[in-house]
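Each residue of the sequence shown is one higher than the last, beginning at 343 in my numbering. Just below is one structure, and these are the notes that go with it.
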Amino acid sequence: MVEQIDEVLNFWFGPLVDGFTQSDKSDLWWGGSSEHDRLITELFGAQVRRALRGELDHWADTPRGRLALIILLDQFTRTIYRGSREAFSGDSQALRLSLEGRSSGHDRALEFVERTFFYMPLEHAESLEIQEQCLRCFEEMLLEVPQSKRIQVENWLDFAVQHHEQIKRFGRFPHRNEVLGRSSTPEELAFLLQSHSRWGQ
Numbered sequence: 343m344v345e346q347i348d349e350v351l352n353f354w355f356g357p358l359v360d361g362f363t364q365s366d367k368s369d370l371w372w373g374g375s376s377e378h379d380r381l382i383t384e385l386f387g388a389q390v391r392r393a394l395r396g397e398l399d400h401w402a403d404t405p406r407g408r409l410a411l412i413i414l415l416d417q418f419t420r421t422i423y424r425g426s427r428e429a430f431s432g433d434s435q436a437l438r439l440s441l442e443g444r445s446s447g448h449d450r451a452l453e454f455v456e457r458t459f460f461y462m463p464l465e466h467a468e469s470l471e472i473q474e475q476c477l478r479c480f481e482e483m484l485l486e487v488p489q490s491k492r493i494q495v496e497n498w499l500d501f502a503v504q505h506h507e508q509i510k511r512f513g514r515f516p517h518r519n520e521v522l523g524r525s526s527t528p529e530e531l532a533f534l535l536q537s538h539s540r541w542g543q
């Protein structure tokens with residue numbers, strides 16, 4: 343089990359230095375390339391399906407295991423099932439893991455960059471209350487990081503603010519409407535025409 347957990351975390355983060363990744367992982371995390379989609383599907387598709395069925399719930403007994411499970415359910419689902427409603431099929435499980443883990447202090451046992459993905463299910467939630475919790479998580483982390491790393495956490499906080507603003511405005515992420523079979527309001531349609539960002543998915 344520990345080896346499987348480490349495999350997920352080592353792939354996603356690589357070596358860490360002072361709480362942050364040693365190399366730039368932005369393309370892997372946010373690039374959305376078909377190459378990375380295929381690679382993650384090949385390497386972790388079976389684990390994602392097991393996680394969705396609840397077969398890996400025991401991973402949540404430790405902070406690192408809980409984080410790896412969250413990544414399977416919140417990040418790899420979006421990659422493996424990109425463009426379909428199944429991309430969000432792990433969201434409720436990931437959100438529960440994140441909220442329970444925060445209550446038990448699991449997030450505090452992790453490095454800064456690891457905590458960012460521990461909190462990501464909150465950022466993906468279509469709930470204003472949970473979005474506000476997400477902002478507090480990143481605001482707390484901003485107070486804790488060394489001055490030299492503040493800009494990185496400020497960037498993460500900025501994205502969290504943008505997600506919060508969308509939920510405050512619409513109550514949901516309009517970018518998800520089509521794939522989830524939801525009808526968009528005129529205001530949402532106007533927003534979608536103006537917005538080139540897909541992070542709301």
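In this text, a Cβ means the ideal position worked out from N, Cα and C, and glycines have one as well. Note that the structure is predicted; figures quoted are calculated from it, not measured.
Worksheet item: What residue from Glu397, Ser526, Phe459 has the CA that sits closest to methionine 343's CA?
Response: Glu397
Worksheet item: Whose C-beta lies closer than 6 Å to the C-beta of alanine 502 among residues of the same chain, with five residues either side of it excluded?
Response: Glu465, Cys476, Leu477, Phe480
Worksheet item: Span of the alpha helix (DSSP H) holding valine 487?
Response: Valine 487 -> no alpha helix (DSSP H), and no H or E assigned at all.
Worksheet item: For phenylalanine 430, which of Thr419, Ser446, Gln504 has the nearest alpha-carbon?
Response: Minimum Cα distance to phenylalanine 430 is reached at Thr419.
Worksheet item: Relative to the alpha-carbon of proline 528, which residue among Pro516, Thr458, Ile347 has its alpha-carbon at the smallest distance?
Response: Pro516
Worksheet item: For threonine 383 versus isoleucine 413, is the C-beta spacing smaller than 8 Å?
Response: no
Worksheet item: What span of residues does the alpha helix (DSSP H) with leucine 414 cover, start to end?
Response: Segment: none, leucine 414 is in no alpha helix (DSSP H) and carries neither H nor E.
Practice prompt. Would you kindly work out how many angstroms separate the C-alpha atoms of glutamine 494 and serine 525, rounded to a whole number?
Written response: 36 Å
Item to complete: Would you kindly work out how many angstroms separate the C-alpha atoms of glutamate 428 and aspartate 369, rounded to a whole number?
Response: 22 Å
Discussion item. Would serine 365 and glycine 356 be called neighbours here (beta carbons separated by less than 8 Å)?
Written reply: yes
Worksheet item: Count the other CB atoms within 10 Å of the CB of leucine 439; is the residue buried (16 or more) or exposed (fewer)?
Response: Note on leucine 439: 16 or more other CB atoms within 10 angstroms of its CB, so buried under the neighbour-count rule.
Practice prompt. Mark valine 390 as exposed unless 16 or more other C-beta atoms lie within 10 angstroms of its C-beta, in which case mark it buried.
Written response: buried
Worksheet item: Between alanine 436 and proline 463, which are expected to be in contact by the criterion C-beta below 8 Å, what is the C-beta distance as a whole number of angstroms?
Response: 4 Å
Discussion item. Mapping the DSSP letters down to three states, classify glycine 542 as helix, strand or coil.
Written reply: Confidence at glycine 542 is low in this model, with a pLDDT of 46, below 50, so its placement is unreliable and no value can be given for it.
Worksheet item: Can you check whether the CB of aspartate 449 is closer than 8 Å to the CB of glycine 432?
Response: no
Worksheet item: By Cβ distance below 7 Å, which residues in the same chain neighbour arginine 492 in space, the five residues on each side in sequence not counted?
Response: Leu484
Discussion item. Just verifying my parser: in three-state terms, what is the DSSP assignment at leucine 452?
Written reply: In this structure, leucine 452 counts as coil in the three-state DSSP scheme.
Discussion item. Quick test of your reading: phenylalanine 362 and phenylalanine 454, contact by CB under 8 Å. State the CB separation rounded to the nearest angstrom.
Written reply: At roughly 6 Å, the Cβ-Cβ gap stays under 8 Å, so phenylalanine 362 and phenylalanine 454 are in contact.
Worksheet item: Once you ignore the five residues that flank arginine 424 on each side, which residues in its own chain have a CB closer than 8 Å to its CB?
Response: Gly374, Asp379
Worksheet item: Which runs of the alpha helix (DSSP H), 4 residues or longer, sit entirely within the stretch 371-453?
Response: 376-394, 405-412, 419-422, 433-446
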